[in-house]
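Trainee: Please see the structure below; I have some questions.
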Amino acid sequence: MTGIDLSGRHKVIFWVGRGKTGKTTGIRWLAEKTLMNGTPLLMADLDTTNDTFSRYIDKVARPPETADPSLSLKWLDRLLQHSLAQKISALVDLGGGDTTLRRLAVELPDLVALFEAQSFAVVLFHTVGPQEEDLSPLATLQRLGFKPTASSIILNEAMMDVGETRDTGFARILRHSVVRQAIGEGAVPVFMPKLFAAQQVEIRRLKFHDAVAGKTGRADTPLGPFDRARVRLWLEAMDSNFAGISSWLP
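Under the numbering used here, the residues of the sequence shown are numbered 790 to 1039, in order.
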């Protein structure tokens, strides 16, 4: 499917997903891709249960550790205002249980309109596996009436059982009322392919393109030729699968 054309507009991308759905893999890929293209990007990691994004990518801002959600909200508020003022796209990592965006949507029901008035687009990426529970963050935002400029449901093939196909693995998800509502409002489903060499990349704490280039990261040896090929093919598949919404990327 092809999404609406957002070419020429700055983006504020909120990427949400429950734990273990592959959200961080997707957001790392997008950050790497954007930075390699030389595009200025503000990056923020508000996932309180997983700091992988800020550990893998340089210059990812993270709010001070706090149990007070109101302080995280103020921190995000300042970051988004800075994005607007400086005309710089932003990429925000939000955990599945995060309340920051929900609270912001309640306090500023015209949040999307405020950004769009400044020629920004607000984009929501929501990563899910085959479990219906993975839709809970999206369902909550729907109930709050949060309607971004564009949204995509990222279906992570790595979460499927061995032997399942896309059609069987995600049949329940794609039939779910939350997903049908989202697609009816313009959301685009995108399949995220499984990265078979993920563990070897993570052991070395490598960026994906560094893994392909044969760098060693935290290990003494680079990935072997087969695993480098697996990462290269995964990167090509990601570009292909996201081609229909490529104008949504920073």
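Glycine included, C-beta positions come from ideal geometry on N, C-alpha and C.
Skipping 5 residues on each side, what residues in its chain have a beta carbon closer than 8 angstroms to that of Glu946?
Mentor: Taking the sequence shown and counting its residues from 1, the one referred to as residue 946 is at position 157. For Glu946, where only same-chain residues beyond five positions count, the Cβ hits under 8 angstroms are Arg955, Gly958, Phe980, Met981, Pro982 and Lys983.
Trainee: Alpha carbon to alpha carbon, what distance is there between Thr810 and Ser966?
Mentor: Position 177 of the sequence shown, counted from the first residue, corresponds to residue 966. Position 21 of the sequence shown, counted from the first residue, corresponds to residue 810. When rounded, the separation of the alpha-carbon atoms in Ser966 and Thr810 is 20 angstroms.
Trainee: Determine the contact status of Pro926 and Gly815, defining contact as a CB-CB distance below 8 angstroms.
Mentor: As a first step, residue 926 is located in the sequence shown; it is residue number 137 there, counting from the start. As a first step, residue 815 is located in the sequence shown; it is residue number 26 there, counting from the start. Taking 8 angstroms as the Cβ cut-off, Pro926 and Gly815 do not qualify as a contacting pair.
Trainee: Look up Gly1114 in the DSSP assignment and say whether it is helix, strand or coil.
Mentor: No answer is possible for residue 1114: the residues shown for the chain start at 790 and end at 1039.
Trainee: Just checking, does the region 936-945 make contact with the region 820-829 on the three C-beta pairs under 8 angstroms criterion?
Mentor: no
Trainee: Please state whether DSSP places Asp1016 in a helix, a strand or coil.
Mentor: For the purposes of this step, residue 1016 is taken as residue 227 along the sequence shown, with counting starting at 1. DSSP places Asp1016 in helix when its eight states are reduced to three.
Trainee: Taking the Cβ atom as the reference point for each residue, do Ala894 and Leu900 lie within a distance shorter than 8 angstroms?
Mentor: Reading the sequence shown from its first residue, position 105 is the one you call residue 894. Reading the sequence shown from its first residue, position 111 is the one you call residue 900. Yes, these two residues count as a Cβ contact at 8 angstroms.
Trainee: What is the DSSP secondary structure of Leu830, counted as helix, strand or coil?
Mentor: The residue labelled residue 830 in the question sits at position 41 within the sequence shown. The answer is strand: DSSP assigns Leu830 an E or B state.
Trainee: Expressed to the nearest angstrom, what Euclidean distance is found between the alpha-carbon atoms of Met948 and Val977?
Mentor: Counting from 1 along the sequence shown, the entry for residue 948 is found at position 159. Counting from 1 along the sequence shown, the entry for residue 977 is found at position 188. The alpha-carbon atoms of Met948 and Val977 are separated by roughly 19 angstroms.
Trainee: Our contact map puts Leu883 next to Asp836 with C-beta atoms below 8 angstroms; I'd like the distance itself, whole angstroms only.
Mentor: Translated into positions along the sequence shown, residue 883 becomes position 94. Translated into positions along the sequence shown, residue 836 becomes position 47. Contact between Leu883 and Asp836 holds: CB atoms are separated by about 6 angstroms, below the 8 angstroms threshold.
Trainee: Can you tell me whether Leu913 is helix, strand or coil according to DSSP?
Mentor: On the sequence shown, residue 913 is found 124 positions in, with the first residue counted as 1. Three-state result, Leu913: strand.
Trainee: Among the candidates Thr888, Trp818 and Asp834, whose CA atom is the shortest distance from the CA of Lys1039?
Mentor: The residue labelled residue 1039 in the question sits at position 250 within the sequence shown. Just to set this straight, residue 1039 is Pro in the shown sequence, not Lys. Among Thr888, Trp818 and Asp834, the Cα nearest to that of Pro1039 belongs to Trp818.
Trainee: Spatial neighbours of Arg798 within its chain, please: CB distance less than 8 angstroms, with the 5 preceding and 5 following residues excluded, ordered by chain position.
Mentor: Position 9 of the sequence shown holds residue 798. Cβ within range, chain order: Ser908, Phe909 and Ala910.
Trainee: Kindly indicate the opening and closing residues of the beta strand (DSSP E) around Leu944.
Mentor: Taking the sequence shown and counting its residues from 1, one reaches residue 944 at position 155. Looking at the DSSP string, the run of the beta strand (DSSP E) that includes Leu944 is Ala939 to Asn945.
Trainee: Is the closest heavy atom of the ligand NAP to the C-beta of Gly1013 under 7 angstroms?
Mentor: Of the ligands one can find in the structure shown there are none, so the ligand NAP has no counterpart to examine.
Trainee: Nearest-angstrom Cα distance between Thr791 and Leu913?
Mentor: Within the sequence shown, the letter at position 2 stands for residue 791. Within the sequence shown, the letter at position 124 stands for residue 913. One C-alpha to the other measures close to 16 angstroms.
Trainee: According to the neighbour-count rule (16 or more other Cβ atoms, all chains shown, within 10 Å of its Cβ), is His871 buried or exposed?
Mentor: On the sequence shown, residue 871 is found 82 positions in, with the first residue counted as 1. Exposed.
Trainee: Note down, in chain order, each residue of its chain lying with its Cβ closer than 7 angstroms to the Cβ of Gly1033, except the 5 sequence neighbours on either side.
Mentor: One-based indexing of the sequence shown puts residue 1033 at position 244. Result list for Gly1033: Met790, Thr791, Gly792 and Val977, in chain order.
Trainee: Let me know the alpha helix (DSSP H) ranges lying completely inside the region 841-905, each 4 residues or longer, listed in chain order.
Mentor: 841-845, 858-875, 889-896 and 900-905
Trainee: Should the region 1013-1021 be regarded as contacting the region 982-1001, the criterion being three or more beta carbon pairs within less than 8 angstroms?
Mentor: yes
Trainee: Using a threshold of 8 angstroms, state whether the C-beta atoms of Leu933 and Arg969 are closer than that.
Mentor: Your numbering for residue 933 matches position 144 in the sequence shown. Your numbering for residue 969 matches position 180 in the sequence shown. No, Cβ-Cβ distance for Leu933 and Arg969 is not below 8 angstroms.
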